[in-house]
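Visitor:
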């Protein structure tokens with residue numbers, strides 16, 4: 001268990017981590033999500049006692065990190081930087097780590113076997129690929145057979161096979177009852193690994209919720225209807241117990257509605273429809289909305305979607321406004337889900353964030369309305 | 001096994017498992033002995049051309065240690081690399097995650113590096129002394145002559161202290177580039193100039209290497225210092241202690 005209480009880190013007048021309080025529990029993979037520069041790595045360094053917090057503290061199984069005499073037996077970490085001397089063999093690197101914590105030497109061979117590096121154990125990591133370096137980092141995290149494991153962006157730069165391996169490993173470790181805390185800036189990555197989610201933006205806690213709840217709240221579908229007779233349609237839908245809301249450009253948005261039923265109702269009442277389209281916000285978009293106001297750097301995506309609505313930082317549990325931001329591709333045009341690993345219903349949207357490319361032609365929703373992604377945010381900043 | 005013993009073992013593994021250790025220490029031995037031998041050989045062949053004053057204050061022991069002025073740079077390189085490799089590779093994060101007691105971490109590093117450089121320093125000073133005296137022939141001295149053994153042992157201590165001074169300074173500076181850029185020119189040129197030029201000599205002679213070299217001289221007139229040989233080494237030891245304490249404070253205070 002990792003407990004953070006009011007954890008704060010300031011560099012000069014810049015606040016990197018701002019009053020974070022949350023608990024990472026055993027038995028599940030906890031995803032630590034936030035855009036680049038949100039303070040994830042700083043937080044993890046403070047958990048390991050490498051950076052001193054300006055305020056607040058971190059407890060590892062109830063103890064401060066500095067109080068642990070054999071910390072590797074309690075918590076193992078893979079940090080962003082490889083942190084390996086390029087000239088010291090993988091075996092000796094792990095050996096010096098093991099010796100300092102009284103871990104028997106045979107364990108070095110075991111973890112090397114576990115991560116598949118036994119063949120290069122005597123080689124110098126200078127010549128290691130990114131994936132091998134990552135595996136060596138994971139081997140050192142596993143050395144003390146710790147109850148808590150912490151991985152900072154473990155899949156960065158890995159090939160699909162490596163990504164699959166790390167994902168499976170993390171889930172396996174969590175099933176053994178360990179605490180697994182893993183950071184990422186990709187929602188799609190977390191959706192496939194984590195059961196619990198902690199989202200931060202500009203150092204502040206934005207969400208602390210289970211993945212299933214996050215999906216339920218954020219990937220809600222709605223139906224967009226456009227008609228020349230909005231008042232009549234509104235009456236009909238309300239009478240039928242549906243909850244239409246005013247959308248953009250005179251469209252109506254029916255939260256949780258079924259497109260077929262709305263079409264039949266309109267036909268029964270002889271109402272002309274100009275548009276009837278089911279809309280689905282991907283988790284990636286939900287994450288973007290959640291963190292939009294806390295992203296440090298915005299790229300402009302030509303033909304991108306709308307700026308996120310005000311009040312996007314809704315605390316978990318509060319009813320989410322129907323997604324009216326980025327338009328998800330209509331059902332059927334969506335990219336196929338990423339194989340069997342993807343939980344059903346989670347579309348594989350392209351990663352959000354800076355400098356992102358527009359979705360491939362043909363899958364795009366209606367032309368964008370209003371300012372491009374980020375413009376609104378910048379305007380707010382100037383004010 | 002106590003905590004300190006475990007960390008000492010770990011630091012020993014670190015030191016012995018990188019090539020830079022053997023290269024820098026071997027360079028210190030070879031350069032010191034080689035250059036010392038060369039200078040002794042040249043001195044022996046030109047001894048009769050020297051002035052009467054030079055001949056009277058000729059210090060055979062000190063002359064055989066002449067190669068150390070260059071060899072000490074390799075010792076400094078060892079001290080710098082032992083610490084800066086932690087920072088330049090990012091290993092420091094792993095090291096401090098494994099040993100969060102930063103004082104234990106630093107002093108164990110010093111306790112591992114210290115005896116190692118002392119042994120290498122003593123081997124260097126004894127070898128360079130005997131080879132140098134052999135080459136000086138009739139102008140040389142014996143290990144049993146007054147003050148000579150002290151000078152030879154002191155030479156080994158000098159080499160160890162200069163390496164540990166570099167360890168302390170590098171803990172403050174962290175960057176290998178910065179540490180090399182400051183320490184190398186300083187001990188190769190700057191301190192020698194400050195210690196020799198009349199205008200700066202008064203202060204310059206208290207610099208770590210200028211003070212430390214006194215222990216290697218047997219003829220007091222050769223160096224002309226206001227302190228004795230052991231006092232000189234003590235001044236150097238104080239510098240080293242100060243550098244290590246400064247390194248400790250920086251390590252303790254700053255984020256890794």
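Chains as they are written, first to last, in full-length UniProt numbering: chain A, 1 to 383; chain B, 1 to 256. Using N, Cα and C, we set each Cβ at its ideal position, and we do this for glycine too.
#1: For residue 161 of chain A and residue 159 of chain B, I'd like the C-alpha separation in whole angstroms.
#2: Does the structure place the region 21–41 of chain A close enough to the region 193–202 of chain A that three or more beta carbon pairs sit under 8 Å?
#3: Given this structure, state the Cα-to-Cα distance separating residue 134 of chain B from residue 245 of chain B, to the nearest angstrom.
#4: Can you give me the C-alpha to C-alpha distance between residue 41 of chain A and residue 78 of chain A, rounded to a whole angstrom?
#5: In terms of alpha-carbon separation, which member of B:240, B:109, B:211 lies closest to residue 228 of chain B?
#6: So residue 64 of chain B contacts chain A; which residues on that side make the cut at Cβ distance below 7 Å?
#7: Can you find at least 3 beta carbon pairs, one from the region 139–152 of chain B and one from the region 50–69 of chain B, that sit closer than 8 Å?
#8: Could you name the residues of chain C that residue 18 of chain B contacts, counting a contact when the two beta carbons are closer than 8 Å?
#9: Which residue marks the beginning of the beta strand (DSSP E) containing residue 14 of chain A, and which one marks its end?
#10: What are the complete alpha helix (DSSP H) segments, minimum 4 residues, inside the region 32–94 of chain B?
#11: Tell me the rounded alpha-carbon separation between residue 73 of chain B and residue 167 of chain A.
#12: How would you label residue 39 of chain B, buried or exposed, when you count the other beta carbons within 10 angstroms and need 16 or more for buried?
#13: Residue 90 of chain B CB to nearest chain A CB: under 8 Å?
#14: Run through the DSSP bridge pairs and tell me what residue 3 of chain A is partnered with.
#15: Rounded to a whole number of angstroms, what is the C-alpha to C-alpha distance between residue 190 of chain A and residue 170 of chain A?
#16: Which of the residues in the region 105–127 of chain A, read from start to end, lie with their CB under 8 Å from any CB of chain B?
#17: Which chain B residues are close to residue 136 of chain A, counting only those with a beta carbon under 7 Å from its beta carbon?
#18: Taking only three categories from DSSP, how would you classify residue 8 of chain B?
#19: Excluding five sequence neighbours on each side, which residues of the same chain lie with their C-beta closer than 6 Å to the C-beta of residue 127 of chain B?
#20: So, is the C-beta of residue 41 of chain A closer than 8 Å to a C-beta in chain B?
#21: Classify residue 116 of chain A: buried if its beta carbon has 16 or more other beta carbons within 10 angstroms, exposed otherwise.
#22: Since residue 90 of chain B and residue 31 of chain B should fall inside the 8 Å C-beta cutoff, what is the C-beta to C-beta distance between them, to a whole number of angstroms?
#23: Do residue 154 of chain B and residue 216 of chain B have their C-beta atoms closer together than 8 Å?
#24: Quick one: grab the DSSP three-state call for residue 152 of chain A.
#25: Please check the pair residue 24 of chain B and residue 77 of chain B, which I expect to be a contact at CB under 8 Å, by giving their CB distance rounded to whole angstroms.
#26: Would a check of beta-carbon distances place residue 174 of chain B closer than 8 Å to chain A?
#27: When DSSP labels each residue in this structure, what does residue 157 of chain A get in the three-state scheme?
#28: Three-state secondary structure (DSSP) at residue 91 of chain A?
#29: Quick one: give me the first and last residue of the beta strand (DSSP E) that residue 284 of chain A is part of.
#30: Have a look at residue 383 of chain A and residue 15 of chain A and give me their C-alpha separation to the nearest angstrom.
#31: Between residue 255 of chain A and chain B, is any beta-carbon pair separated by less than 8 Å?
#32: Would a check of beta-carbon distances place residue 74 of chain A closer than 8 Å to chain B?
#33: Shorter than 8 Å from the beta carbon of residue 131 of chain B to some beta carbon of chain A?
#34: DSSP puts residue 279 of chain A in a beta bridge; with which residues?
#35: DSSP puts residue 76 of chain A in a beta bridge; with which residues?
Guide: On the basis of the coordinates in this document:
#1: 52 Å
#2: yes
#3: 41 Å
#4: 11 Å
#5: B:211
#6: Neighbours of residue 64 of chain B on chain A: none; closest Cβ ~35 Å, over 7 Å.
#7: yes
#8: The structure shown contains no chain C; its protein chains are A and B.
#9: 14–24
#10: 52–56, 60–64, 68–89
#11: 49 Å
#12: buried
#13: yes
#14: A:23, A:59
#15: 12 Å
#16: none
#17: Near residue 136 of chain A there are no residues of chain B at all, since even the closest Cβ is about 11 Å away, more than 7 Å.
#18: helix
#19: 33
#20: no
#21: exposed
#22: Not confirmed; about 31 Å, so no contact.
#23: yes
#24: strand
#25: 5 Å
#26: no
#27: coil
#28: helix
#29: Where residue 284 of chain A is concerned, there is no enclosing beta strand (DSSP E), although the alpha helix (DSSP H) it sits in stretches over 283–291.
#30: For residue 383 of chain A, the predicted structure reports a pLDDT of 38, less than 50, and the residue's modelled location is therefore unreliable. A value from the coordinates is still provided. Between residue 383 of chain A and residue 15 of chain A, the C-alpha separation is close to 21 Å.
#31: no
#32: no
#33: no
#34: A:222
#35: A:149
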